[in-house]
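Residue numbers (my numbering), protein chains in the order written: chain A, 26 to 139; chain B, 238 to 349.
All C-beta atoms, glycine included, are put in the ideal place defined by N, C-alpha and C.
These figures come from a predicted structure and were not determined experimentally.
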Amino acid sequence: KQEVTQIPAALSVPEGENLVLNCSFTDSAIYNLQWFRQDPGKGLTSLLLIQSSQREQTSGRLNASLDKSSGRSTLYIAASQPGDSATYLCAPLNLGRAGTALIFGKGTTLSVSS
Amino acid sequence: DGGITQSPKYLFRKEGQNVTLSCEQNLNHDAMYWYRQDPGQGLRLIYYSQIVNDFQKGDIAEGYSVSREKKESFPLTVTSAQKNPTAFYLCASRNGVNTEAFFGQGTRLTVV
Chain A
26 KQEVTQIPAA LSVPEGENLV LNCSFTDSAI YNLQWFRQDP GKGLTSLLLI
76 QSSQREQTSG RLNASLDKSS GRSTLYIAAS QPGDSATYLC APLNLGRAGT
126 ALIFGKGTTL SVSS
Chain B
238 DGGITQSPKY LFRKEGQNVT LSCEQNLNHD AMYWYRQDPG QGLRLIYYSQ
288 IVNDFQKGDI AEGYSVSREK KESFPLTVTS AQKNPTAFYL CASRNGVNTE
338 AFFGQGTRLT VV
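Pasting the structure below:
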């Protein structure tokens, strides 16, 4: 059964810092991995989808990398802003026992101070 | 606008009542999912449906039921058998394994 761990659980940084959020997963037979952000009391917003054949995917100040063989993904946020404050979740996709459902970790809660 | 609509945003249930959470999507997605989120925990899968008229139990299906009679709709019923239903419920959909999953804005259910 896929298990997802995100480290750190919480992170506080001053505005302007570059930062890295880590995601590890136990079953490396994934199709892809998706990163989301969640604001308090809201649904999940998709940030990036990185396919298993890709090493990196970029969107604006966000860069996600994937090392499938070692079961790790990182989300790099450049020049952080207060508006980046949210919980970030990673979710790998395995096919099998839960169809195409994503499995989630507990997330990293980011706070960026101005 | 294309997307996933969950309603209501807030829902209050009395002990022993069944309540139904609505999830509608106009993205023409085949697969739909229900998750439950509790404070300090990750999202846990309740039920999923890969196609119309078919659905499967997830990790925590006890006390819940679903139907998938139309492609765009996947309602979740929280029955009186669910002993601890207070949580944030999220609905999602996707179309194929190589595409993004999208989420609704959630329904917060509280037992009163």
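Next item on the list: Taking only beta-carbon positions, decide if Val334(B) is within less than 7 Å of chain A.
Entry: Taking the first residue of the second sequence as position 1, residue 334(B) is located at position 97. Yes, because at least one Cβ of chain A sits closer than 7 Å to the Cβ of Val334(B).
Next item on the list: With 7 Å as the threshold, decide whether the Cβ of Gln262(B) is near any Cβ in chain A.
Entry: Locating residue 262(B) in the second sequence gives position 25, counting from the first residue. Closer than 7 Å: no.
Next item on the list: Run through the stretch 298-347 of chain B for me and flag every whole beta strand (DSSP E) of 3 or more residues, listed as ranges in chain order.
Entry: 301-303, 313-315 and 324-331
Next item on the list: Kindly give me the distance between the Cβ atoms of Lys251(B) and Val315(B), rounded to whole angstroms, as I take these residues to be in contact under 8 Å.
Entry: Taking the second sequence and counting its residues from 1, one reaches residue 251(B) at position 14. Taking the second sequence and counting its residues from 1, one reaches residue 315(B) at position 78. Going by Cβ atoms, the distance from Lys251(B) to Val315(B) rounds to 12 Å, so no, they are not a contact pair.
Margin query: On a Cα-Cα basis, can you pick out the residue from Pro276(B), Leu327(B), Asp296(B) and Ile283(B) that is closest to Gln262(B)?
Written below: Reading the second sequence from its first residue, position 25 is the one you call residue 262(B). Looking at Pro276(B), Leu327(B), Asp296(B) and Ile283(B), the one whose alpha-carbon comes closest to that of Gln262(B) is Leu327(B).
Next item on the list: Kindly confirm or deny that the stretch 116-128 of chain A and the stretch 56-67 of chain A touch, where touching means at least three C-beta pairs closer than 8 Å.
Entry: With the cut-off at 8 Å, the stretch 116-128 of chain A and the stretch 56-67 of chain A touch.
Item checked: Run of the beta strand (DSSP E) containing Arg97(A), from where it starts to where it stops -> Against the first sequence, residue 97(A) aligns to sequence position 72. First-last of the beta strand (DSSP E) with Arg97(A): Arg97 to Ile102.
Next item on the list: For Gln76(A), go through chain B and note every residue whose CB falls closer than 8 Å to its CB, in chain order.
Entry: Start at 1 with the first residue of the first sequence, and residue 76(A) comes out as number 51. Within 8 Å Cβ-Cβ: Asn335.
Item checked: Proximity winner among Arg345(B), Phe292(B), Ala338(B) and Thr257(B), relative to Ser317(B) (alpha-carbon distances) -> Position 80 of the second sequence holds residue 317(B). When each option's Cα is compared against that of Ser317(B), the closest is Thr257(B).
Next item on the list: Take every Cβ of the stretch 295-312 of chain B, pair it with every Cβ of the stretch 267-276 of chain B, and state whether three or more of those distances are shorter than 8 Å.
Entry: Here the stretch 295-312 of chain B makes contact with the stretch 267-276 of chain B; the two share three or more CB pairs at distances below 8 Å.
Next item on the list: Check the C-beta distance from Leu127(A) over to Ala338(B) and give it rounded, since I have them as a contact under 8 Å.
Entry: For the purposes of this step, residue 127(A) is taken as residue 102 along the first sequence, with counting starting at 1. For the purposes of this step, residue 338(B) is taken as residue 101 along the second sequence, with counting starting at 1. Yes, they are in contact, since the Cβ atoms of Leu127(A) and Ala338(B) sit about 6 Å apart, within 8 Å.
Margin query: Does the CB of Gly124(A) have a neighbour CB from chain B at under 7 Å?
Written below: Counted from its first residue, the first sequence places residue 124(A) at position 99. Closer than 7 Å: yes.
Next item on the list: Determine, using beta carbons only, whether Gly343(B) comes closer than 7 Å to chain A.
Entry: Your numbering for residue 343(B) matches position 106 in the second sequence. Output row for Gly343(B): interface = yes.
Item checked: Cβ pair Leu346(B), Phe129(A) closer than 7 Å -> Sequence index remark: in the second sequence, residue 346(B) carries index 109 (1-based). Sequence index remark: in the first sequence, residue 129(A) carries index 104 (1-based). Their beta carbons are not under 7 Å apart, which means Leu346(B) does not touch Phe129(A) by this criterion.
Notebook entry, point to check: Listing by chain order, which chain B residues have their CB less than 7 Å from the CB of Tyr113(A)?
Noted result: Walking along the first sequence from the start, residue 113(A) turns up at place 88. Ordered by position in chain B, no residue passes the 7 Å Cβ test against Tyr113(A), which lies about 12 Å from the chain.
Checklist line | Chain-ordered residues of the stretch 52-74 of chain A with a beta carbon less than 8 Å from chain B | finding: Tyr56, Asn57, Gln59, Phe61, Gly66, Lys67, Gly68, Leu69, Thr70, Ser71 and Leu74
Next item on the list: Compute the beta-carbon to beta-carbon distance between Thr99(A) and Leu46(A), rounded to the nearest angstrom, for a pair I have assumed lies under 8 Å.
Entry: Along the first sequence, read from residue 1 onward, the residue named residue 99(A) stands at position 74. Along the first sequence, read from residue 1 onward, the residue named residue 46(A) stands at position 21. Thr99(A) to Leu46(A), Cβ: 7 Å. Contact.
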